[in-house]
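Note that our numbering numbers the sequence shown so that position 76 is 94, with each residue one more than the last. Even for Gly, the Cβ is constructed at its ideal location relative to N, Cα and C. Data block below; observations after.
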Amino acid sequence: MRTPPSTTIASSRRTPLSRRDFLATASATTVAVSAVATTTATCGSLSARAAEPGGVVGPKVKIGLVGCGGRGRWITDLFYKHGGYEIAAVHDYYADRAATAGRQFNVADTAQFSGLDGFRRLLDRNLDAVVIQSPPYFHPQQAAEAVAAGKHVYLAKPVAVDVPGCQRVEESGRRATANQRVFVVDFQTRAHPAYQEVARWVLGGKIGRIVAVESNYQTSTMFQAMGSELAKAPEDPELRLRCWAIDRVLSGDVITEQNIHAQDVVTWMLNAAPLKAVGSGGLARGFGTCWDHFSVIYTFPNQILNTFSSKQVGSAYDDILCRVYGESGTADTHYFGKVWVKSKEDGYDGGELKNLYLDGAVANIATFHRSITTGDFSNPTVAPSVRSNLTTILGRTAAYAGGEVTWADMMRRAEVLEFPIQRLRA
Numbered sequence: 019m020r021t022p023p024s025t026t027i028a029s030s031r032r033t034p035l036s037r038r039d040f041l042a043t044a045s046a047t048t049v050a051v052s053a054v055a056t057t058t059a060t061c062g063s064l065s066a067r068a069a070e071p072g073g074v075v076g077p078k079v080k081i082g083l084v085g086c087g088g089r090g091r092w093i094t095d096l097f098y099k100h101g102g103y104e105i106a107a108v109h110d111y112y113a114d115r116a117a118t119a120g121r122q123f124n125v126a127d128t129a130q131f132s133g134l135d136g137f138r139r140l141l142d143r144n145l146d147a148v149v150i151q152s153p154p155y156f157h158p159q160q161a162a163e164a165v166a167a168g169k170h171v172y173l174a175k176p177v178a179v180d181v182p183g184c185q186r187v188e189e190s191g192r193r194a195t196a197n198q199r200v201f202v203v204d205f206q207t208r209a210h211p212a213y214q215e216v217a218r219w220v221l222g223g224k225i226g227r228i229v230a231v232e233s234n235y236q237t238s239t240m241f242q243a244m245g246s247e248l249a250k251a252p253e254d255p256e257l258r259l260r261c262w263a264i265d266r267v268l269s270g271d272v273i274t275e276q277n278i279h280a281q282d283v284v285t286w287m288l289n290a291a292p293l294k295a296v297g298s299g300g301l302a303r304g305f306g307t308c309w310d311h312f313s314v315i316y317t318f319p320n321q322i323l324n325t326f327s328s329k330q331v332g333s334a335y336d337d338i339l340c341r342v343y344g345e346s347g348t349a350d351t352h353y354f355g356k357v358w359v360k361s362k363e364d365g366y367d368g369g370e371l372k373n374l375y376l377d378g379a380v381a382n383i384a385t386f387h388r389s390i391t392t393g394d395f396s397n398p399t400v401a402p403s404v405r406s407n408l409t410t411i412l413g414r415t416a417a418y419a420g421g422e423v424t425w426a427d428m429m430r431r432a433e434v435l436e437f438p439i440q441r442l443r444a
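Okay, here's the thing in structure tokens:
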């Protein structure tokens, strides 16, 4: 397999759980959230009190934020505005980021943690749940330890950067259910009614037998500031951690870290994982180790082809879409844009989505609270999130190889991405 320069891949048979002994994280829109009805609390530490901003009256869920970068602080603000949560602790590898989040959410200095071991100190607190917004490389370990500590888990996508990591998250989801804990993966599309209705049409056969799928994730050049920063010392692990979004090991590359939004919709609409993929791609923008464009053709069961392309370079065109072609109709979804289905006899107009990034997160936060307070531990988001995550890894592996890779071969090889965490401070 041809591997991009600077990517370290180790056999899982040699070091299957080499991240077991460490943890690290790195890392405005406002809304009023509708009231969520709550019933008997399922976590003994929940305390009933009136909500402040969102109008929710009932148990307050005490949460700890893991990963205090821009996304972490943004989504934690949405947790606060929901009204059913208390932000009780924060953690980031970098003390300055933890302190910034602590000030923003009035978290006591004694509940602000940093360094590799800070995550475990956060887990020792009297918390009901953890909100994990760290770089994807750390998600499997952090989620596993949070479940083992008896916490509910709200996990950012992607769930992992490699096959063993995906398998570990899947196992953590099963353990959460067995231990009566909630585990939610934050995909925005699956939380939106318009996307849900399109899925009902497609999966219900209303556009006929599916013959082909098209998916895209196109953006302009991103992360230039990170590129300039990383250029100062590209092998410095602390700097790599700070610039994780352009580091293929920490992020899983753009096809996994960002393009997963498009592929999650594909696997949802087909209700299947691909059998194989052939791909290519490269890096044109001149900074970081993540590729900035991919082209992959996936083969799904029943010989359904999914033509996928992405870019994170250039300008003038941005879109995230999934288009499903059936024998008697077409479904078309856009992350920012119109969502619709048309068939020979009928159609569905979901309208134009203005801000799914926000609306989906708000819906997931409400679902998380409702699931905790009503005792719904079915955790339906875990399995499809693992499936779409593995789908992006298959595409990435095929593109790196410049050829065809089967799902079975990817799972058998179970390659591990490694980061030099031994060079980070405890």
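In the DSSP assignment, what residue or residues form a beta bridge with residue i?
i: TYR316; result: ALA295 and ASN324
i: ALA349; result: VAL342 and VAL359
i: GLU433; result: DSSP, once it has assigned bridges, lists no residue as partnering GLU433.
i: GLN330; result: THR237
i: TYR172; result: VAL149 and VAL202
i: ILE228; result: GLY344
i: LEU371; result: GLY355
i: ASP337; result: GLN236
i: HIS157; result: According to DSSP, HIS157 bridges with nothing at all.
Could you give the DSSP three-state label for residue i: helix, strand or coil?
i: ILE81; result: strand
i: HIS210; result: coil
i: ASN397; result: coil
i: ILE383; result: helix
i: TYR366; result: strand
i: ALA243; result: helix
i: THR424; result: strand
i: ASP95; result: helix
i: GLY300; result: strand
i: ASP377; result: helix
i: SER52; result: Only weak support is given to the placement of SER52: the predicted model assigns it a pLDDT of 32, under 50, and the question is left unresolved by the model.
Do you know whose CA, among the options, lies nearest residue i's CA?
i: LYS78; options: ARG91, ILE105, LEU96 and GLY88; result: ILE105
i: VAL202; options: LEU288, PRO176 and ALA291; result: PRO176
i: LEU374; options: PHE395, THR207 and CYS340; result: THR207
i: PHE395; options: HIS352, GLY90, ARG89 and VAL165; result: VAL165
i: ALA417; options: VAL149, GLU189, ARG227 and TYR316; result: TYR316
i: PHE241; options: SER406, VAL125, THR307 and ASP146; result: THR307
i: ALA419; options: GLY300, ALA401 and PHE131; result: GLY300
i: GLN130; options: LYS99, VAL84 and TRP92; result: VAL84
i: TYR343; options: VAL179, THR325 and HIS157; result: THR325
i: VAL148; options: CYS86, THR392 and ALA230; result: CYS86
i: ASP146; options: ARG441, GLY365, SER246 and GLN198; result: GLN198
i: GLN214; options: GLY378, SER190 and GLN440; result: GLY378
Please check the pair residue i and residue j, which I expect to be a contact at CB under 8 Å, by giving their CB distance rounded to whole angstroms.
i: THR274; j: ILE81; result: Contact doesn't hold; Cβ gap of about 26 Å is too wide.
i: ASN277; j: SER328; result: 5 Å
i: GLN151; j: ARG89; result: 6 Å
i: VAL231; j: VAL314; result: So it is not a contact: roughly 12 Å between Cβ atoms.
i: GLN236; j: ASP337; result: 5 Å
Using a Cβ-Cβ distance under 8 Å, would residue i count as near chain D?
i: ARG218; result: Included in the structure is just one protein chain, with no chain D present.
Can you give, in chain order, each stretch of the alpha helix (DSSP H) that sits fully within the segment 97-153 and has at least 4 residues? 113-122 and 136-141
Could you tell me which whole alpha helix (DSSP H) segments of length 4 or greater appear in the segment 252-294? 255-260, 266-269, 272-275 and 278-288
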